[in-house]
């Protein structure tokens, strides 16, 4: 394992030639900053010795106050469709890319969020508050624990610096890691500014660095779109299967790698409600839970539009080729989704009647306000009182009879199916009230113990963790009053 100075930096994005890909910037360290948490599991991904966290200068180095020579700190430029409206120039307004580290044939961006103002801050302070930093730090790890592609959390830094939002809050930073932080909006920026040479350079960079297998295809740029359609369809199917709602599915928050990125007003379902809106700022419900699949298609259509000049020099041909690929999205998404739902039910290949079984169950859960996660975990444990989760017990009995009849047709025995279900249906999800408790303890008492406790169950949410059973209970009544918005 390596010291910070010995990490293998590549910084390939900084080597792009076009001057509008990024702006070279310096970080703005926080006052009286201190390390709140260090994630040893994530450190291993870049070959970093976890003992480095104990260095006196660790926080100064990782915040850029005492930068490594290998750092090339920059703010990325991109555009995006925000709540359906195109914004021609966005960019990293409060996050700075320190550099790219290579380890064991993997590449990881080190992205410092809350690092201070950049040319894209649009007059804001470029800061993150402790509240939102805790949310992102924990949820990115929770998603990884659920087996869903996500950015990862390396470390979290606190301070006594005051940051002004709806109220005065403490400033914080975190290092998040991802294969890259290129977004759908990165391509939109160069398409809508008619900079097709830069558009080509960005696409070639992405293919060479991350998808070299696409170079061998007849049309690498069409293949890139196809890759994004598939990874996005899978990602959103996974979100739906665990009851996760992103909250701000703008194209500037959509990773080109099909990973969950930019955690703000996210939420996991408590009682099953397909129309659940986790973002208090989403007044029209554009990003409601059940609308995520169609928003995925909208965002992919925006990406496809931006890639048209690369797909073919003939505009009509490019549009037809992209349209044909986009036409496959819904089928791909539904195939992924129904296979995931079958896994939750301990069933194998999706056969005729299975999609109806899924729909009937979810309709029942909606009608009876059944807790999504608790139900599927109870079903995995074959709990005898599970029917008591439904007011209409007779309707549940009817569904369960159909489910049992279908399950009996599986080749796998009952014990194997139960074991599979327990490894598919989590006992723990990162509910908003759990986060709220951790945030209050951290902000009011400088007590970070709940962060460590929640990280333990989030990183292995399918394990029993009997000492943390209370984290798997029904949410308290006050949980329904929690509001999260884009400032979260």
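In the numbering used here, the protein residues as written are 1 to 488.
Glycine included, every Cβ here is placed at the ideal spot set by N, Cα and C.
Neighbourhood of residue i by C-beta distance below 7 Å, restricted to the same chain and skipping five residues each side
i: residue 220; result: 207 and 214
i: residue 181; result: 76, 97, 109 and 111
i: residue 387; result: 393, 396 and 397
i: residue 472; result: 427 and 428
i: residue 3; result: 49 and 52
i: residue 200; result: 310
Integer-rounded CB distance, given that residue j should sit under 8 Å from residue i
i: residue 355; j: residue 271; result: Not a contact, Cβ separation roughly 23 Å.
i: residue 64; j: residue 95; result: Between residue 95 and residue 64 the Cβ distance is about 12 Å, and since that is not below 8 Å, they are no contact.
i: residue 30; j: residue 171; result: 5 Å
i: residue 348; j: residue 410; result: 6 Å
i: residue 68; j: residue 455; result: That pair is no contact at about 27 Å.
i: residue 250; j: residue 265; result: With 8 Å as the limit, residue 250 and residue 265 do not qualify as a contact, their Cβ atoms being about 12 Å apart.
i: residue 353; j: residue 421; result: Not confirmed; about 19 Å, so no contact.
i: residue 263; j: residue 135; result: 6 Å
i: residue 450; j: residue 437; result: 6 Å
i: residue 297; j: residue 372; result: Not a contact, Cβ separation roughly 24 Å.
i: residue 361; j: residue 399; result: 6 Å
Per DSSP, cross-strand counterpart(s) of residue i
i: residue 484; result: 279
i: residue 99; result: 110
i: residue 175; result: 112 and 155
i: residue 128; result: 172
i: residue 47; result: Answer is none; residue 47 lacks a bridge partner.
i: residue 76; result: 22
i: residue 34; result: 158
i: residue 64; result: BP columns for residue 64 are empty, so no partner.
Residues near residue i by beta carbon distance below 8 Å, same chain, minus five either side
i: residue 476; result: 433
i: residue 148; result: 235, 238, 239, 242, 244 and 260
i: residue 50; result: 1, 38, 40, 43 and 44
i: residue 106; result: 45 and 179
i: residue 488; result: Bear in mind that the predicted position of residue 488 carries a pLDDT of just 48, short of 50, making it too unreliable to give a figure here.
i: residue 439; result: 130, 131, 134 and 135
i: residue 57; result: 66
i: residue 523; result: The question about residue 523 has no answer here: the residues shown for the chain are numbered 1 through 488.
Contacts around residue i, its chain only, beta-carbon distance under 6 Å, and the 5 residues preceding and following it disregarded
i: residue 234; result: 336
i: residue 448; result: 36 and 442
i: residue 161; result: 30, 31 and 171
i: residue 320; result: none
i: residue 358; result: 341
i: residue 307; result: 221 and 225
i: residue 10; result: 100 and 102
i: residue 163; result: 127, 129, 169 and 171
i: residue 20; result: 77
i: residue 481; result: none
Proximity of residue i and residue j at Cβ, strictly below 7 Å
i: residue 253; j: residue 274; result: no
i: residue 281; j: residue 486; result: yes
i: residue 461; j: residue 145; result: yes
i: residue 112; j: residue 173; result: yes
i: residue 141; j: residue 459; result: yes
i: residue 247; j: residue 287; result: yes
i: residue 85; j: residue 12; result: no
i: residue 285; j: residue 277; result: yes
i: residue 203; j: residue 18; result: no
i: residue 350; j: residue 338; result: yes
i: residue 368; j: residue 332; result: no
i: residue 151; j: residue 72; result: no
i: residue 484; j: residue 468; result: no
i: residue 376; j: residue 389; result: no
i: residue 33; j: residue 159; result: yes
i: residue 256; j: residue 325; result: no
Three or more C-beta pairs under 8 Å: does that hold for the stretch 374-392 against the stretch 419-430?
Yes, since at least three Cβ pairs between the stretch 374-392 and the stretch 419-430 fall closer than 8 Å, the two stretches touch.
Can we say the stretch 75-94 touches the stretch 115-129, given the rule of at least three CB pairs closer than 8 Å?
A contact exists between the stretch 75-94 and the stretch 115-129.
Within the chosen definition, does the stretch 298-305 reach the stretch 174-191 through at least 3 CB pairs nearer than 8 Å?
Enough Cβ pairs lie closer than 8 Å, so yes.
Does the stretch 153-160 come close enough to the stretch 121-128 that 3 or more CB-CB pairs lie under 8 Å?
With the cut-off at 8 Å, the stretch 121-128 and the stretch 153-160 do not touch.
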